[in-house]
Amino acid sequence: MWGVFPSGIQPLDGCGVFSHPVSNPWRMWGVFPSGIQSLGCFPTAQCLQPMDEGSCQHHSLLWYFHSPTNSCRPFLFGGCRGNGNRFPSRRECQRRCQSPTGETPNPPFVQP
1 MWGVFPSGIQ PLDGCGVFSH PVSNPWRMWG VFPSGIQSLG CFPTAQCLQP
51 MDEGSCQHHS LLWYFHSPTN SCRPFLFGGC RGNGNRFPSR RECQRRCQSP
101 TGETPNPPFV QP
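Residue numbers for the sequence shown follow the UniProt record's numbering, beginning at 1 and rising by one.
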């Protein structure tokens, strides 16, 4: 999650405000008098990592998020190493990473 503050864009932990979790992180925006001009959740760094087949030969079909096309694609994971951009199903990949409006996964720019 990224917050746009007068000092610039800053990463924030979690995806919710006032203990209210957000079911679809792409839909959370707000304006607050406390100095936060805008607040939004974006895919985690996990979703922005390149596809990594990993090592080993224990192949299984998993899904990764392809950020340039805002889509989830299948790949064969070797079973060892790799990175966090791998999901057991297309649905899970879409839920965690995909923008419902086709937006690219970058922090917002807000005019003061």
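Ideal Cβ placement from N, Cα and C applies to all residues, glycine included.
Continuous alpha helix (DSSP H) stretch holding residue i: start and end
i, result
"residue 81", "Per DSSP, residue 81 belongs to no alpha helix (DSSP H) and is neither H nor E."
"residue 57", "No alpha helix (DSSP H) contains residue 57, which DSSP labels as neither H nor E."
"residue 49", "No alpha helix (DSSP H) holds residue 49; DSSP gives it neither H nor E."
"residue 86", "Per DSSP, residue 86 belongs to no alpha helix (DSSP H) and is neither H nor E."
Best match in the options for proximity to residue i [C-alpha to C-alpha]
i, options, result
"residue 88", "44, 68, 59", "59"
"residue 61", "77, 68, 67", "77"
Beta-carbon proximity of residue i to residue j, cut-off 7 Å
i, j, result
"residue 97", "residue 75", "no"
"residue 63", "residue 90", "yes"
"residue 82", "residue 52", "yes"
"residue 72", "residue 93", "yes"
Anticipated Cβ contact below 8 Å, residue i with residue j, distance rounded
i, j, result
"residue 85", "residue 46", "6 Å"
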